[in-house]
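When we follow our numbering, the leftmost residue of the sequence shown carries the number 3, and every step to the right adds one.
For each residue, glycine too, the CB sits at the ideal point set by N, CA and C.
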Amino acid sequence: MSNWDKGSYEITAAQLAPVAPVVADGVEPVSGHAALDLACGTGNEALELARRGAKVTGFDGAPRLLEVAGERAAAEGLSAEWVQGDLSELPFEEDSFRIVTSVFGLIFSSSPKDSAEEIGRVLEPEGRIAFTSWIEEGLFQHMQEIAKAAVASHFGQAPPEGEDEPFKWGDELAVRELFSESGIMLQAASHELVIEEDSPQTLNDRWYDHHPIWLTMKGLIGEEAYEQLRRDSLPVVEAANQADDGSFRYTLKYLLFEGSPV
């Protein structure tokens, strides 16, 4: 499991900021209602909801990210409560929130089934939920494959086939079925997010120098293997580049799930 206190996730979070209003639109009206933003990170979605008048609780497992989110809220003069905990065991009473959101955060739950059940428990019967997950294709998928291969190579073998397979958050039917078991009906729509950087090298280095997931991997495989992984990744990033002026641009596809209890 990644240590999200490592590095500077706020750099990546800034690139994801355009998704926050898209998710907030999916749970309107929010003004005056209690809203829970799960795996809130540095606060993109929580702050968007607060700007719209919601009574916001931001929930995350990483103390440093909650600290950054709190600082951002204070800088904007926004009010929010920040709570640390585990996505599979929410420390809130039943029917506590009219709104539940998550921007590329719920997808990191160590127990998706437990998280879905917990959301069903804390969401009001009249409530609304909206969250996002990546569609695993293109650059996203290639980088995952490179990382898995590096870990397998370092430890001498790949994990057994079918063992500890992660839940497929990019599979619309699987996600809808997961939440239907907790009494929540979802619908999904595909969206796009354009990522831009000064160059492919800049993007690649920011991942390896700052992103918690990659830095956690560094602790697993060691400095030498990590730097080799960095070098192996760059051609993949360059091949995916959609810009032709030396900069970097890539369109990521994601799913927006919206729904409510039934």
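Verify whether the separation of the beta carbon atoms of His212 and Ser10 is less than 8 Å.
To locate residue 212, count along the sequence shown from 1; it is residue 210. To locate residue 10, count along the sequence shown from 1; it is residue 8. Taking the C-beta atoms as reference points, Ser10 is found nearer than 8 Å to His212.
Three-state class that DSSP yields for Gly261 in the structure shown
The residue you call residue 261 lines up with position 259 of the sequence shown. Of the three classes helix, strand and coil, the one that applies to Gly261 here is strand, per DSSP.
Between Gln143 and Gly172, what straight-line distance do the alpha-carbon atoms span, to the nearest angstrom?
Mapped onto the sequence shown, residue 143 falls at position 141. Mapped onto the sequence shown, residue 172 falls at position 170. The alpha-carbon atoms of Gln143 and Gly172 are separated by roughly 11 Å.
Assuming Thr59 is part of the beta strand (DSSP E), what are its boundary residues?
The sequence position of residue 59 within the sequence shown is 57, counting from 1. Per DSSP, Thr59 belongs to the beta strand (DSSP E) from Lys57 to Asp62.
In the DSSP assignment, find the alpha helix (DSSP H) that holds Trp209 and state where it starts and stops.
Position 207 of the sequence shown, counting from 1, holds the residue named residue 209. Pro202 to His212 is the extent of the alpha helix (DSSP H) around Trp209.
Apply the 10 Å Cβ neighbour rule to Thr253 and answer buried if 16 or more other Cβ atoms are within range, or exposed otherwise.
In the sequence shown, counting from the first residue as 1, residue 253 sits at position 251. The residue in question, Thr253, is exposed, as its Cβ has fewer than 16 Cβ neighbours within 10 Å.
Applying the 10 Å Cβ sphere with the 16-neighbour rule, what's the burial state of Leu289?
No statement about residue 289 is possible, as the shown extent of the chain runs from 3 to 264 and does not include it.
Measure how close the beta-carbons of Ile101 and Leu38 come, nearest whole angstrom, since I'm counting them as under 8 Å.
Numbered from its first residue, the sequence shown carries residue 101 at position 99. Numbered from its first residue, the sequence shown carries residue 38 at position 36. Taking C-beta atoms under 8 Å as the contact rule, Ile101 and Leu38 qualify, at a distance of about 7 Å.
Assumed close pair Leu195, Pro20 - CB separation to whole angstroms, cut-off 8 Å:
Start at 1 with the first residue of the sequence shown, and residue 195 comes out as number 193. Start at 1 with the first residue of the sequence shown, and residue 20 comes out as number 18. At roughly 6 Å, the Cβ-Cβ gap stays under 8 Å, so Leu195 and Pro20 are in contact.
For Lys57, the nearest candidate out of Glu73, Ala15, Leu89 and Thr103 (CA to CA):
If you number the sequence shown from 1, residue 57 lands on position 55. Of the candidates Glu73, Ala15, Leu89 and Thr103, Thr103 places its Cα closest to the Cα of Lys57.
Work out the CA separation of Phe157 and Tyr256 for me, nearest whole Å.
As a position in the sequence shown, residue 256 is number 254, starting the count at 1. As a position in the sequence shown, residue 157 is number 155, starting the count at 1. For Tyr256 and Phe157, the distance between alpha carbons rounds to 32 Å.
Is the separation between the beta-carbon of Ile121 and that of Ser235 shorter than 8 Å?
Against the sequence shown, residue 121 aligns to sequence position 119. Against the sequence shown, residue 235 aligns to sequence position 233. Not a contact, by the Cβ cut-off of 8 Å.
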